[in-house]
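Novice:
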Amino acid sequence: MDLKKPGAQEEEDLVNLKFPSDLKDAKFLLNSEVAILLEHRKDIDSAEGIEFPQTFHKTLAYAEKFSRFKTKASIKQVRATLSKHQLAEYEIACLANLCVETSDEAKSLIPSLKRVKDDDALQSYLDDLANLRKFN
Amino acid sequence: MFFHLTLEKDLHIHPKHCGPNLFTIAQQQLYSEVEGTCSGRYGFIITITSVDFISKGKVLESSGYVVFQVRYKAIIFKPFKGEVLDAIVTKVTNLGFFAEAGPLSIFVSTHLIPSDMEFDAQSANPCFVSDDGKHKISKDDEVRLQIKGTRVDATEIFAIGSIREDYLGVIS
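What follows is the structure in structure tokens.
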């Protein structure tokens, strides 16, 4: 029988893409999307003189620094390109945030991608991503 | 990793706010109570994107406070074990270095730094240098690291990172 300690946290398992049940409805975001959302919020509310907590500023700076795609249109394209190929949302977000170049690198950084047997296909997704970055 | 999640909360409103602006005030109160907090269960709640009042207010007979059940969507940041992310170095010591990824601080100990990199005590600003002198980690550098583990308190998350694996380290 499986006994669970009360209050014990379920652990995530990135190899099999298992997340705690609290997060089953979570929609993973790219850094670029976070940057746009926070910027938008800041524009609206700073006009009214609302102060933001420190984490807000830190996160905004971080998201902007590591945002790989600057426009809404390019983010949409990235999502459209990657969601065509049976990738989990988490993997899509990771690939777009890290901007890896080779399939070997992708498999090393995102362990769940090891289930993708076809290296050439994976490489072609990465090339698509790199092109999107270059031309936006 | 950032994500968008729907959360619920019981909001206690002081009776003096019960008037024409009740919902505006309640919403503001939710923002200030929730944004910038961190729970071990969900992670750092960065900002709220939308708010729904899903119940009618209930007056508590003991205190006169009104309780609303609210459902809100928020942008949350939570580090996962094994996740790879980019971070900015904030402090370098002889035991390792500290880095920040948004609201999260991460410590990378010397045991999890490749063995060919050494702490340079001579230089004016502390840094780790590789044997051949090509790679250097100092303050404000961008590093790609893997989360090895997290310590989760009720109000704080702290992470241990590694740059020992392939494809990790300073981002050029």
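Protein chains in written order, with the working numbering: chain P, 1446 to 1581; chain R, 37 to 208. For each residue, glycine too, the CB sits at the ideal point set by N, CA and C.
(1) With DSSP as the reference, identify every bridge partner of methionine 153 of chain R, one or two as the case may be.
(2) Going by the DSSP bridge assignment, what does valine 206 of chain R pair with across the sheet?
(3) Under 7 Å, CB to CB, which of the residues in the region 38–69 of chain R have a partner in chain P?
(4) I'd like the span of the alpha helix (DSSP H) that includes glutamine 158 of chain R, first residue to last.
(5) Going along chain R in order, which residues have a C-beta closer than 8 Å to the C-beta of valine 1476 of chain P?
(6) With distances taken Cα to Cα, identify the nearest neighbour of aspartate 156 of chain R among R/Gly132, R/Glu119, R/Asp176 and R/Arg77.
(7) Under DSSP, the beta strand (DSSP E) around valine 103 of chain R begins and ends at which residues?
(8) Can you list, in chain order, the residues of its chain whose CB lies under 7 Å from that of glycine 100 of chain R, leaving out five sequence neighbours each side?
(9) In angstroms with no decimal places, state the Cα-to-Cα distance between lysine 1464 of chain P and glycine 197 of chain R.
(10) Under 8 Å between beta-carbons, which chain P residues line up against valine 120 of chain R? List them in chain order, please.
(11) Mind checking which residues open and close the beta strand (DSSP E) that includes valine 87 of chain R?
(12) So what does DSSP say about threonine 186 of chain R, is it helix, strand or coil?
(13) For methionine 153 of chain R, tell me which candidate among R/Ala190, R/Val206, R/Ile61 and R/Thr42 has the shortest Cα-Cα distance.
(14) Straight-line CA distance for valine 103 of chain R to phenylalanine 89 of chain R?
(15) Can you say whether glycine 1494 of chain P is buried or exposed, counting buried as having 16 or more other CB atoms within 10 angstroms of its CB?
(16) Flag this pair as yes or no: are the beta carbons of glutamate 1536 of chain P and isoleucine 1520 of chain P separated by less than 8 Å?
(17) Following the continuous beta strand (DSSP E) through valine 128 of chain R, name the residue where it begins and the one where it ends.
(18) At the level of alpha carbons, what is the spacing between threonine 1526 of chain P and aspartate 1573 of chain P?
(19) Where do the N-terminal and C-terminal ends of the alpha helix (DSSP H) with serine 68 of chain R fall, by residue?
(20) Are asparagine 1542 of chain P and phenylalanine 1511 of chain P close, meaning C-beta to C-beta below 8 Å?
(21) My guess is that isoleucine 183 of chain R and glycine 138 of chain R are in contact by the Cβ rule of under 8 Å, so how many angstroms apart are they, rounded?
(22) Secondary structure at histidine 1485 of chain P, three-state DSSP: helix, strand or coil?
(23) Beta-carbon separation of phenylalanine 113 of chain R and phenylalanine 80 of chain R under 8 Å?
(24) Anything in chain P within Cβ reach of glutamate 71 of chain R, meaning under 9 Å, just list it in chain order.
(25) If we ignore side chains and look at the alpha-carbon of each, how far apart do lysine 1503 of chain P and valine 87 of chain R end up?
(26) I'd like to know whether the C-beta of lysine 127 of chain R is nearer than 8 Å to at least one C-beta of chain C.
(27) Pull out every residue of the region 1456–1473 of chain P whose Cβ sits closer than 9 Å to any Cβ of chain R, in chain order.
(28) Run through chain R and tell me which residues come within less than 9 Å of glutamate 1550 of chain P, C-beta to C-beta.
(29) Using a Cβ-Cβ distance under 8 Å, would valine 1523 of chain P count as near chain R?
(30) Does the beta carbon of leucine 1532 of chain P sit closer than 8 Å to a beta carbon anywhere in chain R?
(31) Below 8 Å between beta carbons: does that hold for leucine 1505 of chain P and lysine 1487 of chain P?
Specialist: Considering the structure as presented:
(1) R/Ser166
(2) In the DSSP secondary-structure assignment, valine 206 of chain R is bridged to R/Val179.
(3) Here the close residues are Phe38, Phe39, His40, Leu41 and Thr42.
(4) No alpha helix (DSSP H) contains glutamine 158 of chain R, which DSSP labels as neither H nor E.
(5) Here residue 1476 of chain P is asparagine; the residue named in the question, valine, does not match the sequence. In chain order: Phe38.
(6) Checked all of R/Gly132, R/Glu119, R/Asp176 and R/Arg77; the closest Cα to aspartate 156 of chain R is R/Gly132.
(7) 102–113
(8) Pro51
(9) Correcting the residue identity first, residue 1464 of chain P is phenylalanine in this sequence and not lysine. Whole-angstrom Cα-Cα distance: 20 Å.
(10) Cys1539, Leu1543, Leu1554 and Ile1555
(11) 79–89
(12) strand
(13) R/Val206
(14) 11 Å
(15) Its Cβ having fewer than 16 others within 10 Å, glycine 1494 of chain P is exposed.
(16) no
(17) It spans 120–129 - the beta strand (DSSP E) in which valine 128 of chain R sits, taken as one unbroken run.
(18) 8 Å
(19) 58–70
(20) A contact, by the Cβ cut-off of 8 Å.
(21) No, isoleucine 183 of chain R and glycine 138 of chain R are not in contact; Cβ-Cβ is about 13 Å, not under 8 Å.
(22) helix
(23) yes
(24) Phe1497, Pro1498, Thr1500 and Phe1501
(25) 23 Å
(26) Here the protein chains are P and R, and chain C is not one of them.
(27) Correct list: Glu1456, Glu1457, Asp1458, Leu1459, Val1460, Phe1464, Pro1465, Asp1467, Leu1468, Asp1470, Ala1471, Lys1472 and Phe1473.
(28) Within chain R, the C-beta atoms nearer than 9 Å to that of glutamate 1550 of chain P come from Asp202 and Tyr203, in chain order.
(29) No, valine 1523 of chain P lies away from the interface with chain R (no Cβ there is under 8 Å from its Cβ).
(30) no
(31) Yes, they are a contact pair.
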